[in-house]
Structure formats: C-alpha cells, structure tokens
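Engineer:
Residue numbers (this note's numbering): -19 to 184.
(1) Is it the case that the CB of residue 17 approaches a heavy atom of the ligand FMN more closely than 6 angstroms?
(2) What does a CB cutoff of less than 6 angstroms around residue 144 pick up in its chain, not counting 5 residues either side in sequence?
(3) Pairs of beta-carbons, one from the stretch 162 to 181 and one from the stretch 31 to 38, closer than 8 angstroms: are there three or more?
(4) Three or more C-beta pairs closer than 8 angstroms, one from the stretch 100 to 118 and one from the stretch 4 to 21: is that the case here?
(5) To which residues of the same chain is residue 126 closer than 7 angstroms at the C-beta, ignoring the five residues directly before and after it?
(6) Buried or exposed for residue 133, going by 16 or more other Cβ atoms inside 10 Å?
(7) If you run the structure through DSSP and keep just helix, strand and coil, what is residue 169?
(8) Can you have a look at residue 40 and say buried or exposed, based on whether 16 or more other CB atoms are within 10 angstroms of its CB?
(9) In terms of alpha-carbon separation, which member of 18, 142 and 115 lies closest to residue -6?
(10) Measuring CB to CB, does residue 2 end up less than 7 angstroms from residue 136?
(11) How about residue 139 and residue 113: are their beta carbons less than 7 angstroms apart?
(12) Taking the alpha-carbon positions, what's the residue 91 to residue 15 distance?
(13) If you drop the 5 nearest sequence neighbours on each side, which residues of the same chain put their C-beta closer than 7 angstroms to that of residue 44?
(14) In the structure shown, what three-state DSSP assignment does residue 121 receive?
(15) Given residue 13, which residues of its chain have a CB within under 6 angstroms of its CB, disregarding the five upstream and five downstream residues?
(16) I'd like to know whether the C-beta atoms of residue 61 and residue 177 end up nearer to each other than 7 angstroms.
(17) Just the C-alpha distance for residue 37 and residue 150, rounded to the nearest angstrom, thanks.
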C-alpha cells in the first residue's frame, strides 16, 4: 500500500509527473505513453479515477457546484439521474470519455490509432480538466470569487489543444476536429442520459 502511494506521488513518475507532463505537452506525452514507455505515467483509468476522487473530496468539503450542467426540468427521474451523475463523478467521466472517443475516432479515422488508444488520450484529458475544475471550485469557495464557470471554457480549450497536438500539431484543421469531437462527445453522453431518464420515467 505504501509502495503504491509512493509511486503515485513520485516526481519522476506517478501522478505528479503525469499532471506536469499533461499540462506542458499533453499530445506528445500521451503519444509517447502509447508507443514507447508506459511506466512513467499513471495508468489512464487510474488517473481519471484519482482526479475524480480529488474532485469529490474537495466538493464535499467546500460544497461548490457539481461539474455538470443541471437538468432544468421538473422531473423526479431526471433529478435522480443528475444526483447520480454528481455523486458518481468518476464513473460518469469514464462514460463520457467513451463518447468523446467515438467522435474523435470518426473525425480522425485516417490516423492509425484504435479506439482503445484514443480512449487512453481522453482519460488523461478529462482527468486534467477535472483537476482544473477542482482548483477553480476551491478558489471560488475560499476566496469567494466567481470563477467556477471558467471550468467549462478551460475543458473545451484544453481538450481541443490536446487532441490536435496528439494527432498532428502542425495541422490547424485538427484543432477544429478536436473541438468538435469534444463538444459532440459531451452532447451525446448527456443525450443518452436524458433518453434513459425519459424511458425510465415512462416505465415507472
């Protein structure tokens, strides 16, 4: 157990090193992880879950808004789904990354990356977005400065940059494709959640 914690907080490996590299050069870092060395970074699913846990702990202690747009409907089923999404932030992000992966594969089908490799990229990207959202939540709660809404803007901007850099930083069109992949992935995931809510509502 102590050894696992040590590997997570190691500056040359582990989560701190992973965060640093993903902030500086996300596309290059993930590409190297896939093709060369998988020992220095935290495993993608583990990274995403750890980031979600950090968010959940911070959110529970400081009570800032959940990282999702609340469903503005007078429906008990939809309200329960929103509560589930908020309380199961890690699982929800794992599911959302799947949808973004599908759209990314569609837009970048000419590149020789399979769905699993693209999903690895998205796990790292979503994890960093969660950490930034957590940081903004802490700042808003402690300093009482309304900055939390910047989280969505950062998530879109960072994901666009990271996806474009991962495939080919020199092609400007890749950044547009990255933007569309992220937006359509988020929209698709929420559309599925809404459909599930509607179906459950009719069945009940």
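Idealized CB from N, CA, C, for every residue including glycine.
Structural biologist: Judging by the given coordinates:
(1) For the structure depicted, the ligand FMN is absent and the ligand set is empty, with no information on it obtainable.
(2) Within the chain shown, residue 144 is the residue found at index 164, counting from 1. The answer, listed in chain order, is 154, 155 and 158.
(3) Cβ pair count under 8 angstroms is below three, so no.
(4) In this structure the stretch 100 to 118 lies against the stretch 4 to 21, because at least three pairs of beta carbons, one per stretch, are closer than 8 angstroms.
(5) As a position in the chain shown, residue 126 is number 146, starting the count at 1. So the qualifying residues of the chain are 120.
(6) As a position in the chain shown, residue 133 is number 153, starting the count at 1. With fewer than 16 other Cβ atoms within 10 Å, it is exposed.
(7) Your numbering for residue 169 matches position 189 in the chain shown. Reduced to three states, the DSSP call for residue 169 is helix.
(8) For the purposes of this step, residue 40 is taken as the residue at position 60 of the chain shown. So residue 40 counts as exposed.
(9) Counting from 1 along the chain shown, the entry for residue -6 is found at position 14. Measuring from the Cα of residue -6, the nearest candidate turns out to be 18.
(10) As a working note, residue 2 is residue 22 in the chain shown. As a working note, residue 136 is residue 156 in the chain shown. No; because the gap between Cβ atoms is not below 7 angstroms, this pair is not in contact.
(11) In the chain shown, residue 139 corresponds to position 159, counting from 1. In the chain shown, residue 113 corresponds to position 133, counting from 1. Going by beta carbons, residue 139 and residue 113 fall outside the 7 angstroms limit.
(12) Residue 91 sits at position 111 when you count from the first residue of the chain shown. Residue 15 sits at position 35 when you count from the first residue of the chain shown. If you draw a straight line from the Cα of residue 91 to the Cα of residue 15, it comes to about 14 angstroms.
(13) Locating residue 44 in the chain shown gives position 64, where the first residue counts as 1. Within its own chain, the residues whose Cβ lies closer than 7 angstroms to the Cβ of residue 44, once the five positions on either side in sequence are excluded, are 117, 120, 121 and 128, listed in chain order.
(14) For the purposes of this step, residue 121 is taken as residue 141 along the chain shown, with counting starting at 1. Here DSSP, grouped into helix, strand and coil, assigns residue 121 to helix.
(15) As a working note, residue 13 is residue 33 in the chain shown. Cβ neighbours of residue 13 beyond the five flanking positions: 21.
(16) Numbered from 1 along the chain shown, position 81 holds the residue referred to as residue 61. Numbered from 1 along the chain shown, position 197 holds the residue referred to as residue 177. Result yes, Cβ atoms of residue 61 and residue 177 sit closer than 7 angstroms.
(17) Stepping through the chain shown from its first residue, residue 37 is reached at position 57. Stepping through the chain shown from its first residue, residue 150 is reached at position 170. Going from the Cα of residue 37 to the Cα of residue 150 covers about 39 angstroms.
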